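Report on the following structure.
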Amino acid sequence: MTLTHNLGFPRIGQRRELKKALESFWKGEIDESTLRETGRALRAKHWQIQQAAGLDLIPVGDFSYYDQMLDMSALLGAIPARYGFAYGTVDFATYFAMARGDAAQPALEMTKWFDTNYHYLVPEFTAETRFQLSSTALFEAVAEAQALGVQPKPVLIGPLTYLWLGKERAAQAERAENHPPAVAGCGHSHAAPRVHAAGFDRLSLLDRLLPVYAEILARLKAQGVNWVQMDEPALVLDLPAEWLGALDRIYAALATADAPRILLTTYFGSVAEIAGQLKRLPVAGLHLDLVRASGQLEAFLADYPADKVLSLGVVDGRNVWRADLDAALSTLEAVRAVLGERLWIAPSCSLLHVPMDLEEESGLDPELKSWLAFAVQKLDEVKILGTALDHGRESVAEPLAAARAARQGRRNSTRIHNPAVSARVAALTPGDDQRRSAFPQRQAAQRERFGLPLFPTTTIGSFPQTDAIRRARLQFRKGMIEAAAYEQAMQGEIEYAVRRQEALGLDVLVHGEAERNDMVEYFGEQLEGFSFTRHAWVQSYGSRCVKPPIIFGDVSRPRPMTVSWTRYAQSLTERPMKGMLTGPVTILQWSFVRDDQPRAETALQIALAIRDEVRDLERAGIGIIQIDEPAYREGLPLRKKDWEDYLAWASRSFRIAASGVDDATQIHTHMCYSEFNDILPAIAAMDADVITIETSRSQMELLDAFGQFDYPNEIGPGVYDIHSPRVPATEEMIALLEKASRVVPPERLWVNPDCGLKTRKWEEVEPALRNMVDAARALRAST
Ligand code: GLN
Ligand code: ZN
């Protein structure tokens, strides 16, 4: 019999039960036992769903009250000293202090999990870090599952990945420095953690770490566990040789008679280059992601060791499309002929990254729905494949035919293919991604047109999203107020924002984005080729979930999306009004993307739609247009060798969106949290007239790279941190701008906050911006 299993299940709950329970707990509305009861019920329900799907091994330990990396830190007792944890079991107070910060301590840093939109809490190590078993949650979950008749396969993050994704910190710094709480939402990077000048290498902690892993494994074995899933996704990255070398040592220490059998699990990329090494490891099995890297199979199939199982991930755990079961079966049948029952079947990776159950989407168009598979449906796909292998394709003829018909229907659907769009992409000429003139001419034309002072001031786009704004949007959505009333309400908000900005003395104004729920959803809703779900939530971090739009077909823009709001805003003022758009790479990055054409192709289609909007704004008299690309850096592939290709199509997509305008129209772009050192040429290649970036938290350090590289266009390095309610003093911002002026010539500097202001209150924003304008004026006077 072919063994079928799953690597991880969504934990937030179909109706976001966990989110609601967590937030009530944090507000003090429910007690700890009620929260734990919600967790227990969700685990039981999710195991039962997986068992009903007929899977043989069910992941346990994939549930978490916040994040699986945080759970590992708790299990291993890797609790930074500042949380005051001494010995015993990590309680909720410590656990949530690490996750979210508390009155005394900031949270652990948070960053993106590989190239997903999920964020994990970064383990923090000092040279003194000691590990000790400090949580019983995993063992309790195993017992819980066993009591329910579930065959548990505990999931652990492997030691190599756990250490790799952590970061070193000097012991002094840990005590003294008060680093700002991590905030997610904008472009955290998934790139390899920087080695901090902490005076030690976290790999050296391995000898202290391994005994605790061994202890965990021994306890699981004593509980009757047969298989443990050790996730080592770091193996798909560019790892230094000494890290790869450590792999042998790790698994020699762990894969012993005292431990359950270990399934070493890789995903999100290929491990073909280290196939030989992996095959020699003493573990009992390997898992490969054949969706992201189908080509790696060959390297493993040749002389695959007789003592190991090979688990193949053939159902996409990262996207929402129904699998091509026929193609998957062809692959699996060939492997089965070689490996027999040592072949296992699974999704490519944990299903954490897809929504839970498609059946809940009653409002979705039936045709589109027939093309999709969420977590629950993906389990069925895995099971169908297993049955086909064991009992022949005939035994599952019906579901195979249904899957085939759905795929065929999708391939031929007129809703996917828009000949006008493909024709337009095909007709693109080399000149279409180039502005009419080089930057110096454009700069001259723009200077003449706008006559802005030195150190011009502006903001990044959004102003506070007040309760009144949210209420109006919700009422409109629910049909409780008419379009006219809604429009009037939004115009009122725009007028308010414009008057405030004028009073503050800002040079380039924005309309404030009151009408936008989300910077991607707002555009997706107005573009053809996008669809939206009602309950298809995916965890972003902790209790935060997102509902990414689904790009199912050729993208086009039936009508202008922002022009009327922007034109209205411009009508209220003499000052230049900056139009505000989201860029093609960011729209792509924060959606579920079609899998029947390259991402680059979809990005081009979105770029053309944005290009039309840019030109319509220009035609409506808007002279400055910002195209936000906060997700530009996080789109970088996991392996450096793939960067060049990505950066080429990403920057071209941006230029296509931006290049349809006159020299005197000024194009801005915005990126937040980005580290640019290694991609500055590609940023320069976007050729935006002005780029605004986040720099205040790094004290302008990030700007150094721009100076060294001699970045040619204008730059607005953020001078105040919008993630904090603190109002920065004028002097602080003057100091930052003086620092910036030493790196970038003052004639090319703009003055702005780090990011949009939608999460702030007007009471914070107004004094901060007043001080910012004063800082710019002071610099003008002294330059
Ligand atoms: N224009 C957007 C805003 O101000 C930019 C948001 C972002 O960078 N994530 O809200
Ligand atoms: Zn931003």
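Going by this note's numbering, 614 is the number at position 629 of the sequence shown; the sequence numbering is gapless. Cβ atoms here follow ideal geometry from the backbone N, Cα and C, with glycine treated the same way. Owing to the predicted nature of the structure, the values given are computational and were not obtained by experimental measurement.
R327: first and last residue of the uninterrupted alpha helix (DSSP H) it sits in: One-based indexing of the sequence shown puts residue 327 at position 342. Per DSSP, R327 belongs to no alpha helix (DSSP H) and is neither H nor E.
Between which two residues does the beta strand (DSSP E) containing W212 stretch? Here residue 212 is taken as the residue at index 227 of the sequence shown, counted from 1. Run containing W212: 212 to 216, per the beta strand (DSSP E) assignment.
Close Cβ partners of R303 (< 6 Å) along its chain, the five nearest in sequence each way excluded: In the sequence shown, counting from the first residue as 1, residue 303 sits at position 318. If we look at R303 and ignore the five residues flanking it on each side, its Cβ neighbours are H338.
Grab me the residues of T680's own chain with a C-beta within less than 6 Å of its C-beta, minus the 5 sequence neighbours each way, in chain order. The count along the sequence shown starts at 1 and reaches residue 680 at position 695. These residues qualify, in order along the chain: L687, L688, P702, G703.
Runs of beta strand (DSSP E) lying entirely within the stretch 90 to 139, each at least 3 residues, in chain order: 95 to 97, 104 to 106
Are the stretch 715 to 732 and the stretch 752 to 764 touching by the rule of at least three beta carbon pairs closer than 8 Å? yes
Under 8 Å by Cβ, that's how I've got K109 and G151 pegged, so tell me the actual separation to the nearest angstrom. To locate residue 109, count along the sequence shown from 1; it is residue 124. To locate residue 151, count along the sequence shown from 1; it is residue 166. The displayed chain sequence assigns Glu, not Lys, to residue 109. Contact flag correct, Cβ pair sits at about 7 Å.
What runs of the beta strand (DSSP E), each 3 residues or longer, lie entirely inside the stretch 562 to 623? 562 to 567, 609 to 613
From E22, D301, L7, residue whose alpha carbon lies closest to that of D52: Indexing the sequence shown from 1 puts residue 52 at position 67. Measuring from the Cα of D52, the nearest candidate turns out to be L7.
With which residues is K152 paired in a DSSP beta bridge? Within the sequence shown, numbered from 1, the residue matching residue 152 stands at position 167. In the DSSP output, where bridge partners are listed per residue, K152 has E109.
Quick one: residues in its chain with C-beta nearer than 7 Å to the C-beta of V168, no 5 flanking neighbours on either side, listed in chain order? Looking up residue 168 in the sequence shown gives position 183. Bear in mind that a pLDDT of 41 at V168, under 50, signals an unreliable position, so the number given afterwards is only what the model happens to contain. Around V168: H708.
On the criterion of 16 or more Cβ atoms from any shown chain inside 10 Å, does F537 qualify as buried, or is it exposed? Locating residue 537 in the sequence shown gives position 552, where the first residue counts as 1. Label assigned to F537: buried.
When you compare the CB positions of D76 and F424, do they come within less than 8 Å of one another, or not? In the sequence shown, the residue the question calls residue 76 occupies position 91. In the sequence shown, the residue the question calls residue 424 occupies position 439. The answer is no: Cβ separation not under 8 Å.
Which of the three DSSP states, helix, strand or coil, is assigned to P165? Sequence index remark: in the sequence shown, residue 165 carries index 180 (1-based). The predicted position of P165 is uncertain, since its pLDDT is 39 and thus under 50; a value taken from the coordinates is nonetheless stated next. Of the three classes helix, strand and coil, the one that applies to P165 here is coil, per DSSP.
Does the contact criterion of 3 or more C-beta pairs under 8 Å hold for the stretch 319 to 336 versus the stretch 292 to 302? yes
Assign N662 to buried or exposed, taking buried as 16 or more other Cβ atoms, counted over all protein chains shown, within 10 Å of its Cβ. Numbered from 1 along the sequence shown, position 677 holds the residue referred to as residue 662. Under this definition N662 is an exposed residue.
Report the residue from L61, L194, F81 whose alpha carbon sits nearest the alpha carbon of Y72. Indexing the sequence shown from 1 puts residue 72 at position 87. Checked all of L61, L194, F81; the closest Cα to Y72 is L61.
Pick from R596, R378, T444, Q574 that is closest to R420, judged by C-alpha positions: Walking along the sequence shown from the start, residue 420 turns up at place 435. Minimum Cα distance to R420 is reached at R596.
Note down, in chain order, each residue of its chain lying with its Cβ closer than 8 Å to the Cβ of K743, except the 5 sequence neighbours on either side. Along the sequence shown, read from residue 1 onward, the residue named residue 743 stands at position 758. Cβ within range, chain order: S447, F448, P449, Q450, E498.
Using the Cα positions of C657 and L573, report the straight-line distance between them to the nearest angstrom. By one-based count along the sequence shown, residue 657 stands at place 672. By one-based count along the sequence shown, residue 573 stands at place 588. Each residue's alpha carbon lies about 17 Å from the other.
For G46 and I235, what's the separation of their Cα atoms in angstroms? Taking the first residue of the sequence shown as 1, we reach residue 46 at position 61. Taking the first residue of the sequence shown as 1, we reach residue 235 at position 250. Taking the straight line joining both Cα atoms gives about 21 Å.
On the premise that Q281 lies in contact with G273, defined as a C-beta separation below 8 Å, what is that separation, rounded to the nearest angstrom? Translated into the one-based positions of the sequence shown, residue 273 becomes position 288. Translated into the one-based positions of the sequence shown, residue 281 becomes position 296. Note on residue identity: the sequence assigns Leu, not Gly, to residue 273. Indeed, because the Cβ distance is near 6 Å, the residues count as touching under 8 Å.
8 Å Cβ cutoff met for A605 and T650: For the purposes of this step, residue 605 is taken as the residue at position 620 of the sequence shown. For the purposes of this step, residue 650 is taken as the residue at position 665 of the sequence shown. In this structure, T650 does not lie closer than 8 Å to A605 by Cβ.
For T587, which residues of its own chain have a beta-carbon under 8 Å away from its beta-carbon, when the five flanking residues on both sides are left out? In the sequence shown, counting from the first residue as 1, residue 587 sits at position 602. Taken in chain order, the residues that qualify are I536, V540, L573, V578, R579.
When you compare only the Cα positions, how much space is there between H655 and R400? Here residue 655 is taken as the residue at index 670 of the sequence shown, counted from 1. Here residue 400 is taken as the residue at index 415 of the sequence shown, counted from 1. For H655 and R400, the distance between alpha carbons rounds to 33 Å.
Determine the contact status of V712 and A642, defining contact as a CB-CB distance below 8 Å. Translated into positions along the sequence shown, residue 712 becomes position 727. Translated into positions along the sequence shown, residue 642 becomes position 657. No, the pair does not count as a contact, with Cβ atoms beyond the cut-off.
Between which residues of its own chain and Q214 is the CB-CB distance below 6 Å, once the five residues before and five after are set aside? Residue 214 sits at position 229 when you count from the first residue of the sequence shown. Same-chain partners within the cutoff: K138, V140, L248, T250.
If you measure from the CB of S447, is any heavy atom of ligand 1 nearer than 7 Å? Sequence index remark: in the sequence shown, residue 447 carries index 462 (1-based). Flag set: Cβ of S447 near ligand 1.
Looking at G741 and ligand 1, is the gap between the Cβ and the nearest heavy atom below 7 Å? Along the sequence shown, one-based indexing puts residue 741 at 756. For ligand 1, at least one heavy atom lies less than 7 Å from the Cβ of G741.
Below 8 Å between beta carbons: does that hold for M671 and S636? For the purposes of this step, residue 671 is taken as residue 686 along the sequence shown, with counting starting at 1. For the purposes of this step, residue 636 is taken as residue 651 along the sequence shown, with counting starting at 1. Contact: yes.
Is E498 helix, strand or coil by DSSP? As a position in the sequence shown, residue 498 is number 513, starting the count at 1. In the structure shown, E498 sits in coil (DSSP, three-state: anything other than H, G, I, E or B).
According to DSSP, simplified to helix, strand and coil, what is T677? Taking the first residue of the sequence shown as 1, we reach residue 677 at position 692. Here T677 sits in strand by DSSP.
What residues in its chain sit with their C-beta under 7 Å from that of F116, if we drop five residues either side in the sequence? Taking the sequence shown and counting its residues from 1, one reaches residue 116 at position 131. Result list for F116: L61, G62, A63, R193, L194, V197, in chain order.
I454, enclosing alpha helix (DSSP H) - first and last residue: On the sequence shown, residue 454 is found 469 positions in, with the first residue counted as 1. Start and end: 452 to 462.
For the stretch 360 to 371 against the stretch 19 to 29, are there 3 or more C-beta pairs whose distance is under 8 Å? no
Look at the Cβ atom of R542, then the Cβ atom of A594, and state whether they are nearer than 8 Å. Here residue 542 is taken as the residue at index 557 of the sequence shown, counted from 1. Here residue 594 is taken as the residue at index 609 of the sequence shown, counted from 1. Their beta carbons are under 8 Å apart, which means R542 touches A594 by this criterion.
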